[in-house]
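First the structure, in the form of structure tokens, and then the observations on it.
Protein chains: 4
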Amino acid sequence: MSIEKAAPRRRNQATLEVILAATYELLQQNGFDRLTIEGVAARAGVGKTTIYRWWPSRGALAVDAFLAVVSPQLSFNETASASEDIRQQVRRLAAVYDGEVGKIVREMIGSAQFDSTTLALFNEGYLQPRRTAAKAALQRGIEQGEFRADLNPEHVIDALYGPVYYRLLTGASIRDEAFLSTLEAYVLDGISLKGTACDQRSLRE
Amino acid sequence: MSIEKAAPRRRNQATLEVILAATYELLQQNGFDRLTIEGVAARAGVGKTTIYRWWPSRGALAVDAFLAVVSPQLSFNETASASEDIRQQVRRLAAVYDGEVGKIVREMIGSAQFDSTTLALFNEGYLQPRRTAAKAALQRGIEQGEFRADLNPEHVIDALYGPVYYRLLTGASIRDEAFLSTLEAYVLDGISLKGTACDQRSLRE
Amino acid sequence: MSIEKAAPRRRNQATLEVILAATYELLQQNGFDRLTIEGVAARAGVGKTTIYRWWPSRGALAVDAFLAVVSPQLSFNETASASEDIRQQVRRLAAVYDGEVGKIVREMIGSAQFDSTTLALFNEGYLQPRRTAAKAALQRGIEQGEFRADLNPEHVIDALYGPVYYRLLTGASIRDEAFLSTLEAYVLDGISLKGTACDQRSLRE
Amino acid sequence: MSIEKAAPRRRNQATLEVILAATYELLQQNGFDRLTIEGVAARAGVGKTTIYRWWPSRGALAVDAFLAVVSPQLSFNETASASEDIRQQVRRLAAVYDGEVGKIVREMIGSAQFDSTTLALFNEGYLQPRRTAAKAALQRGIEQGEFRADLNPEHVIDALYGPVYYRLLTGASIRDEAFLSTLEAYVLDGISLKGTACDQRSLRE
DNA sequence: AAATAATCGAGACGGTACGTCTGGTCTTACC
DNA sequence: GGTAAGACCAGACGTACCGTCTCGATTATTT
Chain A
1 MSIEKAAPRR RNQATLEVIL AATYELLQQN GFDRLTIEGV AARAGVGKTT IYRWWPSRGA
61 LAVDAFLAVV SPQLSFNETA SASEDIRQQV RRLAAVYDGE VGKIVREMIG SAQFDSTTLA
121 LFNEGYLQPR RTAAKAALQR GIEQGEFRAD LNPEHVIDAL YGPVYYRLLT GASIRDEAFL
181 STLEAYVLDG ISLKGTACDQ RSLRE
Chain B
1 MSIEKAAPRR RNQATLEVIL AATYELLQQN GFDRLTIEGV AARAGVGKTT IYRWWPSRGA
61 LAVDAFLAVV SPQLSFNETA SASEDIRQQV RRLAAVYDGE VGKIVREMIG SAQFDSTTLA
121 LFNEGYLQPR RTAAKAALQR GIEQGEFRAD LNPEHVIDAL YGPVYYRLLT GASIRDEAFL
181 STLEAYVLDG ISLKGTACDQ RSLRE
Chain C
1 MSIEKAAPRR RNQATLEVIL AATYELLQQN GFDRLTIEGV AARAGVGKTT IYRWWPSRGA
61 LAVDAFLAVV SPQLSFNETA SASEDIRQQV RRLAAVYDGE VGKIVREMIG SAQFDSTTLA
121 LFNEGYLQPR RTAAKAALQR GIEQGEFRAD LNPEHVIDAL YGPVYYRLLT GASIRDEAFL
181 STLEAYVLDG ISLKGTACDQ RSLRE
Chain D
1 MSIEKAAPRR RNQATLEVIL AATYELLQQN GFDRLTIEGV AARAGVGKTT IYRWWPSRGA
61 LAVDAFLAVV SPQLSFNETA SASEDIRQQV RRLAAVYDGE VGKIVREMIG SAQFDSTTLA
121 LFNEGYLQPR RTAAKAALQR GIEQGEFRAD LNPEHVIDAL YGPVYYRLLT GASIRDEAFL
181 STLEAYVLDG ISLKGTACDQ RSLRE
């Protein structure tokens, strides 16, 4: 009787891509809160059921669509100075968040406050990969003798990027150079090995 | 001739208070995304029109209700050490945000990403007063010779509180003592006047 | 300026007239079902309370407004032939009902189906006066020897005007000459004294 | 190949019947002007959208509900005398209109004054079928030699039923035997071939 | 090549809430 | 001290989407 049937999940990859593309377009045009499953279905020429079959919520769909487009960006350079690499990456991030992507990131985080699945997806798919890359830069800095070996990379990243996200989410300017360099002074000096860190800081400011 | 006519808005104060109370109760019980104008009207025993008359959006109503309840909290102590006052206030904030209020703050910020009026209200009614208090503490620190006189208070506050909000909004633990003390080390040492700041830091960690 | 004291009720009459005028204008423009008390109050520059004070319902207000304008119309001629007077009056009525007044009469009767006060007002203020005039014409016909003395004027009027209102209310043409003359043939012949009634009709048709 | 595709409307017949039944019940209980779409939806256990999907207006819904219940009534007998059949049918009609159905008919016609769709539906679904039956009776009368062959059936029906509806709509008694027999005397005599009514007319015309 | 079965588009369905409109009552401030 | 202006509670309006549920019509293996 119970001859094991092969699981014939034949999901149509093309369909999923059409859905994600439609979702991202609508996300750009109208923002997350005017994104509706019905709208995506209509735009993608797809039945609502198909969307519900593959995504658990509107937020999950939006995050997926966002990731498909935005993920391959914002990498770190690898120059001689890890410290300088981090400084530059922070500025690239600020530049990107100053535009359309920033609006979508704001809305992703905003909507994630109301749906833990969305939050988890956004964390795992977006924030964590970025933190991993930052950790690698920090590790390089340690190995190159720039940073203290006992730093806690999670806390450093929180201290460095937290204020950027905070300003993004509270409507403050994200590309304020004075803000960015002050921030770097506190954090990067805080993790610097050189005794001159304090001195240099006082000199710079 | 043209004697200024008094504003003809004769809003009923009692009614508004009933509405705000009902809103806050529902906010606590069900969260912001299940807060509906109809629900508030029903709970408050009030016509929907009355709510729409005085608040431009659901978010604005929620912020007002939140402010009416939560505002008079989270003050700073005033001991001999401004630095210590700040440390303690950060911990009190973390403790409060670890509970119900934290959930509401997350949702306020979350919803503010979709409505600029809500964001403005939350900023002006909640965040700015808190920042003003923090600025006063910083100022006291300067006057007492604890902090550098040339610090930019806005940036210091961003650097100090930004990571807290970032962790709150990305689901990380808000009361992680290691995180908090590391953060303070970076920022408070960064603004400390004493040359020993760096030394003390290295000793502590 | 001119401090005109007292004159206690003087304002009332003027106010009522303003209200009735505003009502009739709105009745013409938008029809009965889009007539609202609020609209009338706004148009007349009057408080809603004032309207509610003097009229029990929207229908009653509409009927009053209608009567104030339309009443002094549609009189009977008094020629040698009562029969001919009636024939002519029916045609005048049909002509008037073919236009704007007809639309309002339709809507008055329509709304009267839902409010007995409106129906009573319309009956007493509009239909009965008209029936009284018709009865006078019938009476003259009896006295002149044109009509049978034992006719029941109410029933004659029902038979003569009923079909006109019926067609008005069911959307049929009200000025169909064949319809009108057939109708008159049945009714006026039915009440005619002379055997020659038939003759006269055949000559005419 | 290109065989006409069937209409993709997959309406659920059972749902529609539930809606019509609920509508009629509410119509009976509260009358047309207190009939609300929301009320019908609640009573029928149906979404409002479903009602709006299939009926353009409250009036159209009410007419449909009325037709579903009332249509199969008020037929004509077929005895030897067409004249007598008509007389009896008029009395049956008057009897039915004297009760609950009469109230609904009044309200249908009343509401039809404000919505041409409702008027058209009521005409086509209710009045015209009844007129068709009456025309058949007249035709039988002609063929049996009771009525003049040149009568215009539309006008005869207007003359016969118009006053009944007129009295119904103006609040007069609908079962007044004197009224009914007077009316029949005028109209049926007017179309009779037999010499009693007006001998000379039949000869000449 | 035919039979089989998951997947698809379409959209009807019972619902919830929206933001608006109006009803009828009650309140306030001016004249 | 009467009235305009309008706030108030109530509740229906017609619309937008929700998430579930059929429908046939593709397709893509499996037989």
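Line order of the protein sequences matches chains A, B, C and D. For the first sequence, my numbering puts the final residue at 205, and the numbers step up evenly by one. For the second sequence, my numbering puts the final residue at 205, and the numbers step up evenly by one. For the third sequence, my numbering puts the final residue at 205, and the numbers step up evenly by one. For the fourth sequence, my numbering puts the final residue at 205, and the numbers step up evenly by one. The C-beta atom is built at its ideal place from N, Cα and C for all residues, glycine as well. Since this is a predicted model, take the numbers as computed values, not measurements.
For the region 161 to 182 of chain A, the beta-carbon criterion of a distance under 8 Å to any beta-carbon of chain B is satisfied by Y161, G162, P163, V164, Y165, Y166, R167, L169, T170, G171, A172, A178, F179 and T182. With respect to the 8 Å criterion, T79 (chain C) and V46 (chain C) are not classified as neighbours on the basis of their beta carbons. Counting every other CB atom within 10 Å of its CB across the protein chains shown gives W55 (chain C) a total of 16 or more, marking it as buried.
Sequence-distant partners of E25 (chain A) (beyond 5 residues in either direction) whose C-beta falls short of 8 Å from its own C-beta, in its chain, are R43.
With its beta carbon at least 8 Å from every one in chain C, F66 (chain D) lies outside the interface. For the region 126 to 148 of chain D, residues whose beta-carbon sits nearer than 7 Å to a beta-carbon of chain C comprise L127. If the five residues before and after Y97 (chain C) are omitted, its C-beta is found closer than 8 Å to the C-beta atoms of V105, V164, L168 and I174, all from its own chain and listed in chain order.
Contact check for A133 (chain A) and S75 (chain A): beta-carbon distance about 7 Å, within the 8 Å limit, so the pair qualifies. Against chain C, the CB of A159 (chain D) has a partner CB under 8 Å away; the residue lies at that interface. If you keep only unbroken alpha helix (DSSP H) runs of at least 4 residues inside the region 18 to 104 of chain A, you get 37 to 44, 48 to 54, 58 to 70 and 82 to 97. Residues of chain B whose Cβ lies closer than 8 Å to the Cβ of N123 (chain A) are, in chain order, T170 and G171.
For D98 (chain B), no CB of chain A lies under 8 Å from its own CB, so it is not counted at the interface with that chain. In this structure the region 148 to 162 of chain D touches the region 185 to 194 of chain D; the number of beta carbon pairs closer than 8 Å is three or more.
Straight-line measurement puts the Cα of N77 (chain D) at about 15 Å from the Cα of R131 (chain D). From the beta-carbon of Y186 (chain D), the residues of chain C found nearer than 7 Å are A159, Y186, V187 and G190. I104 (chain A) has a beta carbon lying at 8 Å or more from every beta carbon in chain B.
Taking 8 Å as the cut-off, the beta carbon of L35 (chain C) is found closer than this to the beta carbon of R58 (chain C).
Nearest C-alpha to A62 (chain A) among A:I19, A:R91 and A:A95: A:I19. What D85 (chain A) touches in chain B, judged by beta-carbon distance under 9 Å, is nothing: the nearest beta carbon there is about 19 Å away. Residue burial is scored here from C-beta neighbours: T49 (chain A) has fewer than 16 other C-beta atoms within 10 angstroms and is therefore classed as exposed. With a threshold of 8 Å between beta carbons, S57 (chain A) makes no contact with chain B.
Bridge pairing for S192 (chain C): C:F147 [DSSP]. Between Q144 (chain D) and A82 (chain D), the gap from beta carbon to beta carbon is short of 8 Å. With respect to the 8 Å criterion, S111 (chain C) and T117 (chain C) are not classified as neighbours on the basis of their beta carbons. Closer than 8 Å to the CB of Q28 (chain D) there is not a single CB belonging to chain C. The residue from B:N152, B:G141, B:F114 and B:D176 with its alpha-carbon nearest to that of T170 (chain A) is B:F114.
In the three-state reduction of the DSSP assignment, N12 (chain A) falls in the coil class, being assigned neither a helical nor a strand state.
Where S173 (chain C) is concerned, there is no enclosing alpha helix (DSSP H), because DSSP gives it neither an H nor an E. Relative to the Cα of L138 (chain D), the nearest Cα in the group D:E100, D:L93, D:Y166 and D:E84 belongs to D:E84. Contact note: E107 (chain C) reaches chain D through Q113 and F114, using a C-beta cutoff of 8 Å and chain order. Below the 7 Å Cβ cutoff, chain D contributes F114 as neighbours of D33 (chain C), in chain order. Secondary structure at F114 (chain D): coil, using DSSP grouped into helix, strand and coil. The beta carbon of A41 (chain A) lies closer than 7 Å to those of G47, K48 and I51 in the same chain, with the five residues before and after it left out. T23 (chain D) and E184 (chain D) have their C-alpha atoms roughly 36 Å apart.
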